[in-house]
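Asks: If you scroll down you'll find the structure; I have some questions about it.
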Amino acid sequence: MDNVSNVPQHVAIILDGNGRWAKAKGMPRSYGHVQGGKVLEDILVDADDIGIRYLTVYAFSTENWNRPADEISALMGLLKNYLKTSIKKCMKNNVRCRVIGDKSGLSEELQEAIAKMEEATAGNTGLTFTIAINYGGRDEITRAVKKVAAKVESGELKASEITEKMIADNLDTFDMPDPDLLIRTCNEQRISNYLLWQCAYTEFYFTPVAWPDFNREELLKAVEAYGNRTRKFGGLKT
Ligand code: IPE
Ligand code: IPE
Ligand code: MG
């Protein structure tokens, strides 16, 4: 265990730069995604070791369907394999793995792999590892609003009775705390439709390191930077 104080309970990561990393090596983008998948397997164990309780990673956005078909199928294939092969690692490390996003937009095969991974690891009590696939914050909020609106339509609820908690309870992350720290790799400094509702008061950390080069040391740097910050929630500093 590393000697870090004030460890964030929930860390979200926008893993970015797989394509640029591969290109810089004269390799196809898919090579970057393969390497990025390996990093993801290791970072699980590191996050748990550091004392992080929730790790939520962005693997495929609702906007990533705009990429070329061959890249999409390479990514989907990798995700399916990843879910199958990392069950062992999750079981060994007591990790509960789940997927957020609109699963209905994914292939049946991928949906099955997700269900198997979620079922197999449901009883684990260590790190909660969440993978966002076909995930968009706006889509998630829209789906939540539809569920609440259905209750209004059926007469179960009045529009004036809708609360923030009702929206939050209908998000894919209903049973998780909001992220304390959001990390984005490879020099990009935007949120790209990730956890829009949940990141209302999250601390952001940006690094030039591309995701395939990310490792325990980089994670520790981000966690240490977080540890030196003062969280604020609109009030006065305590
Ligand atoms: C992140 O790397 C992985 C996904 C978005 C699926 P990118 O594929 O976005 O790589 P860059 O940003 O083009 O380098
Ligand atoms: C965000 O990365 C989505 C994922 C990491 C899955 P992108 O590379 O798709 O985002 P933009 O297009 O640069 O904002
Ligand atoms: Mg990118």
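Per the numbering used here, residue 428 is the first one in the sequence shown, and the count goes up by one each step.
Note that CB positions come from ideal geometry on N, CA and C, so glycine has one too.
The structure presented is a predicted model; accordingly, all values stated were derived computationally and were not measured.
With DSSP run on the structure shown, which of helix, strand or coil describes Thr-555?
Replies: As a first step, residue 555 is located in the sequence shown; it is residue number 128 there, counting from the start. It is a strand residue.
Asks: Relative to ligand 1, what is the chain-ordered list of residues with a Cβ closer than 5 Å to any of its non-hydrogen atoms?
Replies: That gives Asp-443, Gly-444, Asn-445, Gly-446, Arg-447.
Asks: Sorry if obvious, but does the Cβ on Ala-486 come closer than 7 Å to a heavy atom of ligand 2?
Replies: Here residue 486 is taken as the residue at index 59 of the sequence shown, counted from 1. Yes; taking the cut-off as 7 Å, the Cβ of Ala-486 has a heavy atom of ligand 2 nearer than that.
Asks: For Ile-610, write down the residues that DSSP places opposite it in a beta bridge.
Replies: Reading the sequence shown from its first residue, position 183 is the one you call residue 610. Ile-610 pairs with Ile-440, Tyr-632.
Asks: Thinking Phe-487 and Leu-467 are a contact (beta carbons under 8 Å), I'd like their distance in whole angstroms, please.
Replies: For the purposes of this step, residue 487 is taken as the residue at position 60 of the sequence shown. For the purposes of this step, residue 467 is taken as the residue at position 40 of the sequence shown. Wrong, their Cβ atoms sit about 13 Å apart, outside the cutoff.
Asks: Could you pull out every unbroken alpha helix (DSSP H) segment of at least 4 residues lying fully inside the region 499 to 558, listed in chain order?
Replies: Counting whole runs of 4 or more residues, the region 499 to 558 contains the alpha helix (DSSP H) stretches 535 to 548.
Asks: In this structure, does DSSP put Tyr-621 in helix, strand or coil?
Replies: Position 194 of the sequence shown holds residue 621. Coil.
Asks: With H, G and I counted as helix, E and B as strand and the rest as coil, what does DSSP make of Thr-483?
Replies: By one-based count along the sequence shown, residue 483 stands at place 56. Looking at Thr-483 - three-state DSSP - the assignment turns out to be strand.
Asks: CB Thr-483 to CB Thr-569, shorter than 8 Å?
Replies: Numbered from 1 along the sequence shown, position 56 holds the residue referred to as residue 483. Numbered from 1 along the sequence shown, position 142 holds the residue referred to as residue 569. Result no, Cβ atoms of Thr-483 and Thr-569 do not sit closer than 8 Å.
Asks: Give the DSSP-derived three-state secondary structure of Ser-488 in the structure shown.
Replies: For the purposes of this step, residue 488 is identified with residue 61 of the sequence shown, where counting begins at 1. Looking at Ser-488 - three-state DSSP - the assignment turns out to be strand.
Asks: For a test of the three-state rule: what should DSSP assign to Ile-568, helix, strand or coil?
Replies: Indexing the sequence shown from 1 puts residue 568 at position 141. The answer is helix: DSSP assigns Ile-568 an H, G or I state.
Asks: Which residue wins for smallest C-alpha separation from Asn-520, given the options Arg-480, Gln-538, Lys-507, Tyr-485?
Replies: Along the sequence shown, read from residue 1 onward, the residue named residue 520 stands at position 93. Taking only the C-alpha atoms, the option nearest Asn-520 is Arg-480.
Asks: Under three-state DSSP, which class holds Ile-589?
Replies: Position 162 of the sequence shown, counted from the start, is the residue given in the question as residue 589. Ile-589: coil per DSSP, three-state reduction.
Asks: Is it buried or exposed for Pro-604, if we count other Cβ within 10 angstroms and need 16 for buried?
Replies: Within the sequence shown, the letter at position 177 stands for residue 604. Pro-604 is exposed by the Cβ-count criterion.
Asks: Start and end of the alpha helix (DSSP H) containing Trp-638?
Replies: To locate residue 638, count along the sequence shown from 1; it is residue 211. It is not in any alpha helix (DSSP H) - Trp-638 carries neither H nor E in the DSSP assignment.
Asks: Excluding the 5 residues flanking Gln-616 on each side, which residues of the same chain have their C-beta closer than 6 Å to its C-beta?
Replies: Position 189 of the sequence shown, counted from the start, is the residue given in the question as residue 616. Same-chain partners within the cutoff: Phe-633.
Asks: With a threshold of 7 Å, establish whether the CB of Glu-643 neighbours any heavy atom of ligand 2.
Replies: Here residue 643 is taken as the residue at index 216 of the sequence shown, counted from 1. The question names Glu, but residue 643 is Arg in the sequence shown. It does not: the Cβ of Arg-643 is nowhere closer than 7 Å to a heavy atom of ligand 2.
Asks: My output table needs one value for Asn-561: the three-state DSSP class, helix, strand or coil.
Replies: Start at 1 with the first residue of the sequence shown, and residue 561 comes out as number 134. The answer is strand: DSSP assigns Asn-561 an E or B state.
Asks: Let me make sure I understand the geometry here. Which of Ser-457, Glu-644, Ser-500 has the alpha-carbon closest to that of Val-431?
Replies: Taking the first residue of the sequence shown as 1, we reach residue 431 at position 4. Answer by Cα proximity: Glu-644.
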